[in-house]
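Okay, so the sequence shown: first residue is 1 according to full-length UniProt numbering, each after it adds one.
Written below as structure tokens is the structure these notes are about.
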Amino acid sequence: MCEPGSDPAHSDRASLWHKDDPVIDPQGTGEAVYRPEVLDTIERTIAALEDELHALSQDIHDHPEIRWEEHHAHDVLTGFMLRKGWYVTKHHLLPTAWKARFTHGTGGCTIGVNSEMDALPGIGHACGHNLIAIAGVAIALAIGAALKRFDIPGTVVLLGTPAEEGGGGKAILLEKGAYEGMVACIMCHPAPGPKHSATLSSCLARQILEVEFRGRTAHAALSPWEGQNAVDAAVSAYNNIAMLRQQLLPTHRVHGIFIGKDWTPNIIPDYAKMVWYVRAPTRAEMEISTQRVIPCFKGAAMATGCRDDVKLAGATYDLRQNKVLGDNFAETFRSRYGSITYGYGIQSASSDFVTLPALHPSFAIPTVENGGNHTIAFTEAAASEAAHKATLDVAKALAATGVRVLDDAEFCDKVKGAFEADRIAREGIVRR
């Protein structure tokens with residue numbers, strides 16, 4: 001998942017952090033950061049929580065729950081925040097979502113933090129959401145401690161966000177008002193990459209398509225001419241899209257699966273369902289490619305005599321890292337924890353992250369070769385001690401950035417300005 005460079009030492013294989021590599025303390029650059037005493041407090045706070053956070057991460061990892069079923073994660077995370085004295089709202093707006101809130105002083109702004117929780121069907125926490133969950137907890141608690149220690153007025157809202165994997169949980173929470181009042185929101189995501197590094201790459205916009213084909217059953221041997229084969233329609237659609245891919249840009253992704261019920265070889269099936277994702281670097285490009293994919297379903301239905309029903313089942317924007325937040329995070333991370341790159345992470349994946357000033361870096365955890373996100377090997381990596389330490393390091397730099405949003409009014413204005421400039425640029429791209 002790394003971008004190869006001109007130096008052979010920076011090839012994909014050489015630059016990935018493998019699980020058998022020795023774990024050493026990262027050597028930061030020592031460059032200046034905003035209020036070093038704040039970062040010191042953040043580090044002490046997270047260090048004191050390290051064992052508890054590790055136990056919490058392992059508990060979530062050992063009880064993987066797919067989208068909308070994160071009941072155990074909901075309960076252990078809300079229980080943890082209650083024990084830390086935060087005001088907690090269970091089942092916040094969605095059955096497995098939750099909110100933990102901390103306010104110091106009067107007035108001040110609100111910073112948001114996300115904790116994802118869901119696993120993947122069959123392979124558990126193969127995207128490391130157990131690490132994302134505890135990163136959010138660590139960030140929020142560290143910001144809260146810094147607000148108290150330095151008497152900074154402000155509010156921290158930690159959201160437990162379900163169903164990132166195919167459910168668009170944050171997008172639904174956004175529609176329901178969960179992010180109202182936040183001046184910015186931060187989170188992070190694990191990925192393979194160079195040891196002791198984080199990346200500020202973007203990720204792809206995504207459209208989910210749900211397609212149903214309906215035909216007519218018949219005896220597959222006795223009278224097949226009486227049937228209309230819905231599986232044939234689905235297979236034809238799959239092949240149509242396979243041919244279309246040659247004419248799509250290499251930065252675009254189209255991929256899908258078949259879903260059936262009560263299929264048997266001697267009955268021509270009258271129903272088949274497919275779920276497809278269309279991804280592209282921007283939402284505008286994604287919408288154009290989506291309109292090229294839809295006729296593949298229509299043509300398949302026409303060729304097989306079946307009826308088709310194509311639904312747009314949710315879309316997400318491409319991730320736009322806020323430059324002001326990103327620059328501050330990068331400076332802080334480089335100062336003590338490692339390096340910043342732009343060549344790996346979730347750049348070719350998609351996220352349901354929210355549309356307000358946002359920061360969503362990826363960070364490297366140790367993996368085996370070909371053991372990236374959404375593999376069983378990554379599930380194992382997400383439970384490693386090295387992955388836990390990498391999570392806490394990125395959480396420290398994110399917490400420092402969050403405190404600055406609340407403490408530095410000029411910085412906060414720059415964050416808002418960068419978001420507005422990016423919004424105008426995005427709308428200009430969509431109009432063109």
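By construction, the Cβ of each residue, glycine as well, lies at the ideal position given by its N, Cα and C atoms.
Contact under 8 Å by Cβ, residue i with residue j
i: residue 373; j: residue 127; result: yes
i: residue 264; j: residue 278; result: no
i: residue 121; j: residue 60; result: no
i: residue 142; j: residue 386; result: no
i: residue 312; j: residue 176; result: no
i: residue 102; j: residue 137; result: no
i: residue 274; j: residue 234; result: yes
i: residue 205; j: residue 272; result: no
i: residue 119; j: residue 159; result: no
i: residue 342; j: residue 393; result: no
i: residue 306; j: residue 228; result: yes
i: residue 366; j: residue 415; result: no
i: residue 413; j: residue 304; result: no
Spatial distance of residue i from residue j (CA atoms)
i: residue 162; j: residue 145; result: 26 Å
i: residue 57; j: residue 153; result: 30 Å
i: residue 380; j: residue 134; result: 17 Å
i: residue 390; j: residue 38; result: 20 Å
i: residue 308; j: residue 301; result: 6 Å
i: residue 314; j: residue 217; result: 31 Å
i: residue 225; j: residue 298; result: 22 Å
i: residue 406; j: residue 111; result: 7 Å
i: residue 189; j: residue 78; result: 21 Å
i: residue 430; j: residue 417; result: The predicted position of residue 430 is uncertain, since its pLDDT is 46 and thus under 50; no value can be drawn from it.
i: residue 267; j: residue 219; result: 5 Å
i: residue 397; j: residue 332; result: 6 Å
i: residue 245; j: residue 193; result: 28 Å
i: residue 100; j: residue 62; result: 23 Å
i: residue 335; j: residue 324; result: 17 Å
i: residue 4; j: residue 327; result: Low local confidence applies: a pLDDT of 27 at residue 4 is under 50, so the model's placement there is unreliable, with the coordinate-based value given in what follows. Cα to Cα, residue 4 sits roughly 23 Å from residue 327.
i: residue 376; j: residue 370; result: 10 Å
i: residue 129; j: residue 270; result: 38 Å
i: residue 33; j: residue 329; result: 9 Å
i: residue 54; j: residue 256; result: 35 Å
i: residue 187; j: residue 403; result: 14 Å
i: residue 196; j: residue 340; result: 9 Å
Where the beta strand (DSSP E) through residue i begins and ends
i: residue 316; result: 307-316
i: residue 104; result: 98-104
i: residue 154; result: 154-161
i: residue 89; result: 87-89
i: residue 364; result: 362-364
i: residue 254; result: 253-259
Under the three-state DSSP convention, the category residue i falls into
i: residue 225; result: helix
i: residue 183; result: coil
i: residue 197; result: strand
i: residue 81; result: helix
i: residue 147; result: helix
i: residue 6; result: For residue 6, the predicted structure reports a pLDDT of 30, less than 50, and the residue's modelled location is therefore unreliable. The matter cannot be settled from this model.
i: residue 12; result: Only weak support exists for where residue 12 lies, its pLDDT of 39 falling under 50; the coordinates are left without a value.
i: residue 114; result: strand
i: residue 175; result: helix
i: residue 416; result: helix
i: residue 211; result: strand
i: residue 272; result: strand
i: residue 294; result: helix
i: residue 425; result: helix
i: residue 25; result: Per-residue confidence for residue 25 stands at a pLDDT of 45, beneath the threshold of 50, marking its modelled position as unreliable; the derived number appears in the next sentence. Reduced to three states, the DSSP call for residue 25 is coil.
i: residue 136; result: helix
i: residue 406; result: helix
i: residue 66; result: coil
i: residue 280; result: strand
i: residue 335; result: helix
i: residue 33; result: coil
i: residue 1; result: The predicted model places residue 1 with a pLDDT of 27, which falls under 50 and marks its position as unreliable; any figure quoted below should be read in that light. Residue 1: coil per DSSP, three-state reduction.
i: residue 217; result: coil
i: residue 92; result: coil
i: residue 359; result: strand
i: residue 124; result: strand
i: residue 189; result: strand
i: residue 367; result: strand
Start-to-end residues for the alpha helix (DSSP H) that takes in residue i
i: residue 36; result: 36-62
i: residue 433; result: For residue 433 there is no data in the structure shown, the boundaries of the chain being 1 and 432.
i: residue 264; result: From DSSP, residue 264 is part of no alpha helix (DSSP H); its letter is neither H nor E.
i: residue 382; result: Note, residue 382: premise wrong, no alpha helix (DSSP H); not H, not E.
i: residue 244; result: 230-244
Residue-chain proximity (residue i, chain B), Cβ-Cβ < 8 Å
i: residue 40; result: Included in the structure is just one protein chain, with no chain B present.
If we count Cβ pairs, one from each stretch, closer than 8 Å, do we get three or more for the region 362-376 versus the region 191-203? yes
Is there contact between the region 180-192 and the region 236-249, where contact requires at least three CB pairs shorter than 8 Å? no
Touch test, the region 159-177 against the region 278-287, Cβ-Cβ under 8 Å, three pairs minimum: no
Any contact between the region 312-326 and the region 218-238? By contact I mean 3 or more CB pairs, one from each, below 8 Å. no
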